[in-house]
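Taking it in order: structure first as structure tokens, then the write-up.
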Amino acid sequence: MKNFTIYVVMVVFSLFSYSTFAQQCAFDTQRELLLQDPNYVQQEQLAEQKIQNFISNNTLTQRNGTVYTIPVVVHVLHLGEAEGTGSNISDAQILSSINNLNDFYRGLTPNSSIDFEIEFALAQRDPNCNATTGINRINASSLPGYSQYGVNVTESNGASYNDIKTLISWPQTDYFNVWVVTELDDNNGGYGYQGYAYFYSESSSSHGSVMMSTVFGYDPGNTNGWGLNSNGDNSTVVHEVGHYFHLYHTFQGDDTDSDGVGDTCPADATVGVDSDGCADTVPHLRETSTCPANNTCTGSPWVDNNTVNNIMSYYYCTDRLTEDQKTRARAAMTDTGIVASKGDEAPSPGFTAPAAVCLANSPAGNNYSGVMSVELNNTTYTTSTTGIDGGNIDRSVNCTGLFNIDAANSYTMNVEVAPGNFHQLGVWIDWNNDGDFDDDAETQSFTQDIAGGAVVPVTIAYPTSIPYDSYVRLRLMTDVDDRFGGVNLIDSACYTSLVYGQTEDYTIYVEPGTLSIGEVNASELNVFSDNTNNELIVKGQLFGESTVNLYDIQGRLVKTKMLDTSATRNSVDVSGLNSGVYIVKVSNQSQLKVKKVVID
Numbered sequence: 006m007k008n009f010t011i012y013v014v015m016v017v018f019s020l021f022s023y024s025t026f027a028q029q030c031a032f033d034t035q036r037e038l039l040l041q042d043p044n045y046v047q048q049e050q051l052a053e054q055k056i057q058n059f060i061s062n063n064t065l066t067q068r069n070g071t072v073y074t075i076p077v078v079v080h081v082l083h084l085g086e087a088e089g090t091g092s093n094i095s096d097a098q099i100l101s102s103i104n105n106l107n108d109f110y111r112g113l114t115p116n117s118s119i120d121f122e123i124e125f126a127l128a129q130r131d132p133n134c135n136a137t138t139g140i141n142r143i144n145a146s147s148l149p150g151y152s153q154y155g156v157n158v159t160e161s162n163g164a165s166y167n168d169i170k171t172l173i174s175w176p177q178t179d180y181f182n183v184w185v186v187t188e189l190d191d192n193n194g195g196y197g198y199q200g201y202a203y204f205y206s207e208s209s210s211s212h213g214s215v216m217m218s219t220v221f222g223y224d225p226g227n228t229n230g231w232g233l234n235s236n237g238d239n240s241t242v243v244h245e246v247g248h249y250f251h252l253y254h255t256f257q258g259d260d261t262d263s264d265g266v267g268d269t270c271p272a273d274a275t276v277g278v279d280s281d282g283c284a285d286t287v288p289h290l291r292e293t294s295t296c297p298a299n300n301t302c303t304g305s306p307w308v309d310n311n312t313v314n315n316i317m318s319y320y321y322c323t324d325r326l327t328e329d330q331k332t333r334a335r336a337a338m339t340d341t342g343i344v345a346s347k348g349d350e351a352p353s354p355g356f357t358a359p360a361a362v363c364l365a366n367s368p369a370g371n372n373y374s375g376v377m378s379v380e381l382n383n384t385t386y387t388t389s390t391t392g393i394d395g396g397n398i399d400r401s402v403n404c405t406g407l408f409n410i411d412a413a414n415s416y417t418m419n420v421e422v423a424p425g426n427f428h429q430l431g432v433w434i435d436w437n438n439d440g441d442f443d444d445d446a447e448t449q450s451f452t453q454d455i456a457g458g459a460v461v462p463v464t465i466a467y468p469t470s471i472p473y474d475s476y477v478r479l480r481l482m483t484d485v486d487d488r489f490g491g492v493n494l495i496d497s498a499c500y501t502s503l504v505y506g507q508t509e510d511y512t513i514y515v516e517p518g519t520l521s522i523g524e525v526n527a528s529e530l531n532v533f534s535d536n537t538n539n540e541l542i543v544k545g546q547l548f549g550e551s552t553v554n555l556y557d558i559q560g561r562l563v564k565t566k567m568l569d570t571s572a573t574r575n576s577v578d579v580s581g582l583n584s585g586v587y588i589v590k591v592s593n594q595s596q597l598k599v600k601k602v603v604i605d
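The sequence shown begins at 6 in this note's numbering and counts up one residue at a time.
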């Protein structure tokens, strides 16, 4: 359906099942709950405006060919069964679902050839930078009502969404959280609600997706004995992920009396009210367990199969999405924290959160100011206004969300401020990691009289002594400017008199310097690659038992060797390694040398 007016006042829940398990969606019930929070309403409006801006400005054409990877963490909330039995589903079942998601959204399924250029990967690092499989198994029988009723959706019995989120949840800006549960509304894992999802959001308290164990998996014909609903086609999961990507049902707006039954053909005028925002689907009434030849809204045959076969409808013959749905999904996910997340990569060696000796105050209950996004070296993190963010944001402790820079290059950081009011903005980098922002080149920028919604370019200034191979703190601070009564100018990174604004802290990883091959002072410990002989050279006097470790660019240890401390030149055979950039770490009790080298 084509969109004409942008007016988002809701979050979309997918509460949906397929084939013989089809039933009404609980969208309206959940919408009423969420509409009680004005911040959530504004957040959805901003998200929709972003989508429309990307589409109208043709911004997405610049990203064609860029594959977005979504780190996924699956929380299996079982009842104490052995792994691979009952609700404690096997790794194989989980992987089958993830693999099918990738096939579908990369256009590799028989009737869905549209490549969304979006992939899913189970997390490899957890929020504490430890290695993980991306699968958490938790006995949730202690949650009130969970053993008897599962998770409640419209009923009062069972565990709530907040219960399971409190039990376990990883940061939504870095992971797509999927809670695999026993049942919904006491349906015994069968007929009824199969799952639901929330729109992707960097700030909302509601995020991720909840699905029953009986739908999370791909096993057509149920030959593996997993006991899957919907013929084991994983279609519920594909559908819920569509909602996560800000896709509406194709029949959006057909239920004017909120009884779960389509009664009015959508007018196709307002996105999120009576339109799904896609011109290549058509308005229709929801219908389950059928695949009609005619559109009930027109009485005529379908113009094409885009709607009747659409995964975001309730028909039983669904197998595809459309080009406009792809455009909408990519617009929603472009420049988001989860796309920039390193959650799908192996843990970074030696991550330590940078220190801080001061934090600014933040008046969390307003939406007059805020940092909306920050971009550095092609990595973007998007947040929102002070009120929607709940005050200050500190991502510096999170090893899954950080910026990388090579100090041999020049960079311009782009900071977007909230719309509507004139702003002031301060930017600092704690290069020497002493917890303050008072040293060489640590004040990066201070600007005022910034128009609402403007993007402020900040050229990164380096200190005299560059902290290679270090994690340093970036601080952004904003408020409305001093033309507003009672507001003063920000005077430091530790300013504590913000009236409407907020502080956002991030980590910047300053990569090791790339070493040129050449003459090396014999008294200095150094490393370089000798690509002619397929060797890595460690040159200089070693003091005590010494080890060289070689990591690939994703932080995986690929080579280790004890060095000969009696020699001033050691070599390491790298003939078995692929060409690329590697991190070399030479260490002993009194020496540490970390360098980036290129192996051809």
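We treat Cβ as the ideally placed atom computed from N, Cα and C, and that holds for glycine.
Close beta carbons around residue i, own chain, < 7 Å, minus the five adjacent residues each side
| i | result |
| --- | --- |
| G267 | F256, D259, D260, L290, R291 |
| G342 | T178, D179, E207, Y386, T387, G406 |
| S117 | F109, D324, R325, L326 |
| T137 | A128, Q129, R130, D131 |
| D411 | E516 |
Element boundaries [beta strand (DSSP E), containing residue i]
| i | result |
| --- | --- |
| K600 | 597 to 604 |
| F408 | 407 to 410 |
| V543 | 540 to 544 |
| F125 | 123 to 127 |
| K347 | Premise fails: K347 is in no beta strand (DSSP E) and is neither H nor E. |
| D96 | Premise fails: D96 lies in the alpha helix (DSSP H), 96 to 110, not in any beta strand (DSSP E). |
| L430 | 428 to 435 |
Beta-carbon proximity of residue i to residue j, cut-off 9 Å
| i | j | result |
| --- | --- | --- |
| L100 | L127 | yes |
| S367 | T390 | no |
| V379 | E509 | yes |
| T552 | V591 | yes |
| L430 | F451 | yes |
| N44 | N372 | yes |
| A334 | F250 | yes |
| L541 | I588 | no |
| P468 | D439 | no |
| H248 | A202 | yes |
| M217 | N239 | no |
| I393 | Q48 | yes |
| S280 | Y321 | no |
| A498 | M482 | yes |
| G507 | A369 | The question names Gly, but residue 507 in the sequence shown is Gln. Against a cut-off of 9 Å, the Cβ pair of A369 and Q507 comes out as a contact. |
Classification of residue i by the beta-carbon crowding that lies within 10 angstroms, buried from 16 upward
| i | result |
| --- | --- |
| L51 | buried |
| V72 | exposed |
| Y151 | buried |
| K598 | buried |
| Q199 | buried |
| G348 | buried |
| L113 | exposed |
| S102 | buried |
| T537 | exposed |
| L562 | exposed |
| N403 | buried |
CA nearest to the CA of residue i, picked from the options
| i | options | result |
| --- | --- | --- |
| A456 | G425, Q449, Q594 | G425 |
| K601 | G585, S595, G395 | G585 |
| V287 | L82, E37, P271 | P271 |
| T384 | V420, A351, G370 | V420 |
| I94 | L555, V577, N229, D329 | N229 |
| I471 | D454, W436, S497 | W436 |
| V492 | V432, S534, Q546, F427 | F427 |
| N69 | T332, L381, V308 | T332 |
| V485 | Y505, A498, S211 | Y505 |
| A413 | L503, G518, D496, A358 | G518 |
| T417 | V463, N193, D454 | V463 |
Spatial neighbours of residue i in its chain, beta-carbon cut-off 6 Å, leaving aside the 5 residues before and after
| i | result |
| --- | --- |
| H80 | N141, I173, W184 |
| N575 | V543, L568, D569 |
| Q594 | G549 |
| S318 | T255 |
| N526 | Reliability of the predicted coordinates at N526 is poor, the pLDDT of 32 falling under 50, and the value obtained from them is presented with this limitation in mind. Taken in chain order, the list of residues that qualify is empty. |
| Q330 | L252, C283 |
Residue span of the alpha helix (DSSP H) that contains residue i, given as start and end
| i | result |
| --- | --- |
| S571 | Looking at the DSSP string, S571 is not in any alpha helix (DSSP H), and its letter there is neither H nor E. |
| I393 | 391 to 394 |
| L53 | Note that residue 53 is Glu in the sequence shown, not Leu. 43 to 61 is the extent of the alpha helix (DSSP H) around E53. |
| N167 | 166 to 172 |
8 Å Cβ shell around residue i - same chain, five flanking residues per side excluded
| i | result |
| --- | --- |
| I434 | F442, A446, E447, Q449, I465, V477, R478, L479, R480, I513 |
| D191 | Q153, Y154, G155, E160, N162, G163 |
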